[in-house]
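Protein chains: 2
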Amino acid sequence: MKSFKKMLVDKGISPSMQRIKILEYLSKNRIHPTADDVYRALVKEIPTLSKTTVYNTLKAFTNKGILTALSVFENEVRYEYEQQPHIHFKCLKCGRIYDINEKYDYLNDKYIAGHKVIEHHVNLKGICKNCLEKEKEDE
Amino acid sequence: MKSFKKMLVDKGISPSMQRIKILEYLSKNRIHPTADDVYRALVKEIPTLSKTTVYNTLKAFTNKGILTALSVFENEVRYEYEQQPHIHFKCLKCGRIYDINEKYDYLNDKYIAGHKVIEHHVNLKGICKNCLEKEKEDE
DNA sequence: AACAATTTTGTAATTATTACAAAAGAGTAA
DNA sequence: TTACTCTTTTGTAATAATTACAAAATTGTT
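Residue numbers (the working numbering), protein chains in the order written: chain Z, 21 to 159; chain A, 21 to 159.
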């Protein structure tokens, strides 16, 4: 597996310690964290870490296509490690965001009503499996 | 056509002047406005209007299903007058949001990976027809 | 070691939104 | 009309996410 360091170099980003740690965190914690989540997790290891660094780094990674920024119905941005396009499901009860790897017809690079599509996001909202089961138990 | 006043009464919302004007604005301006857009447009007519009223009213209307709240890739909420489910397209160049009435397989009320779907949003990002044409002209 | 370029840090500012209590308005019964 | 209650609106202050920006630290190079 390609090291995070090498990955950054390949993308033309100089691999500082902070940047490597942030990338590593996103790769190992597939929980769609906010910038603040990333900061709170890493400041334990890097006590001098600054939020501005986190914001700058997440933005830079997103621009380079290393991460994807999500707006799943909330007014805070969440990030995820780049992977195959997939569906996001947000539970209205517990707030968790699930990845759903169902097939759908990607419109990326296609034209629709004359508009050129670059990104195609599918966001679902509802009650997740866990919460549905809990509801049943409570009956 | 049902009056805005009657529409509110039917939904169990007492039809104050502010509420009627806000609903009327959303109905007549299908531009996916933010709360601030609504405020700035209406404060001309209603100089005493408060932003809190706008926020409260938009939230109440959304809860009653009169409006839909969108998070189309930005960290600000936009609102639209309730209508058939449709696709949203956000232009990366001009920032405009277009409604696209293409057919797609609505997952509402269905189950996917055991999760119950209540809302299904499709958000596209790209370059809109207008901006594509302008790009061509500039060549 | 000295220098230049890059990166990180910390603080202040900005923006969207919410909390909350006082003021205003509307409806109703005496 | 007046008194009373309930609802809605208003205005201000607080919160939360994000950005701006300049100083400090780090890195690589001569």
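Backbone N, C-alpha and C define an ideal beta-carbon position, used for all residues, glycine too. This one's a predicted model, so the numbers in the text were calculated from it and none came from an experiment.
Proximity below 9 Å, CB of residue i to CB of residue j
i: Z/Asn121; j: Z/His106; result: yes
i: Z/Leu62; j: Z/Lys79; result: no
i: Z/His108; j: Z/His141; result: yes
i: A/Lys113; j: A/Lys31; result: no
i: A/Lys25; j: A/Pro35; result: yes
i: A/Leu144; j: Z/Glu139; result: yes
Buried or exposed (CB count within 10 angstroms, at least 16 for buried), residue i
i: Z/Thr72; result: exposed
i: Z/Arg50; result: exposed
i: Z/Arg39; result: buried
i: A/Tyr126; result: exposed
i: A/Tyr59; result: buried
Which listed residue (the options) has its alpha carbon closest to that of residue i
i: Z/Pro67; options: Z/Met37, Z/Gly115 and Z/Thr77; result: Z/Met37
i: A/His52; options: A/Asp158, A/Lys123 and A/Arg98; result: A/Arg98
i: A/Ile86; options: A/Leu46, A/Asp119, A/Glu96 and A/Val74; result: A/Leu46
i: Z/Cys111; options: Z/Lys64, Z/Leu90, Z/Glu139 and Z/Gly146; result: Z/Gly146
i: Z/Thr77; options: Z/Glu153, Z/Leu28, Z/Tyr131 and Z/Ile138; result: Z/Leu28
i: Z/Phe81; options: Z/Leu152, Z/Gly115, Z/Leu69 and Z/Glu100; result: Z/Glu100
i: Z/Leu210; options: Z/Tyr118, Z/Glu65, Z/Leu69 and Z/Lys26; result: Only positions 21 to 159 of chain Z appear in this structure, which leaves residue 210 of chain Z out of reach.
i: A/Lys149; options: Z/Glu155, Z/Cys148 and Z/Ala133; result: Z/Ala133
i: Z/Lys123; options: Z/Lys156, Z/Gln104 and Z/Ile33; result: Z/Gln104
i: A/Val74; options: A/Val137, A/Asp56 and A/Ser23; result: A/Asp56
Residues near residue i by beta carbon distance below 6 Å, same chain, minus five either side
i: Z/Thr54; result: Glu96 and Arg98
i: A/Leu43; result: Phe24
i: Z/Lys130; result: Val137
Own chain partners of residue i with C-beta closer than 8 Å, once the 5 adjacent residues on each side are dropped
i: A/Leu69; result: Gln38, Tyr59, Leu62 and Val63
i: A/Glu65; result: Lys41
i: Z/Glu155; result: Ile147
Cutoff 7 Å; reference residue i; Cβ partners in own chain excluding five residues on either side
i: A/Asp158; result: none
i: Z/Ile33; result: Arg39, Ala80 and Lys84
i: Z/Arg116; result: Cys148
Closer than 8 Å: residue i CB and nearest the ligand GTP heavy atom
i: Z/Ile33; result: Ligands displayed in this structure: none; no statement on the ligand GTP is therefore possible.
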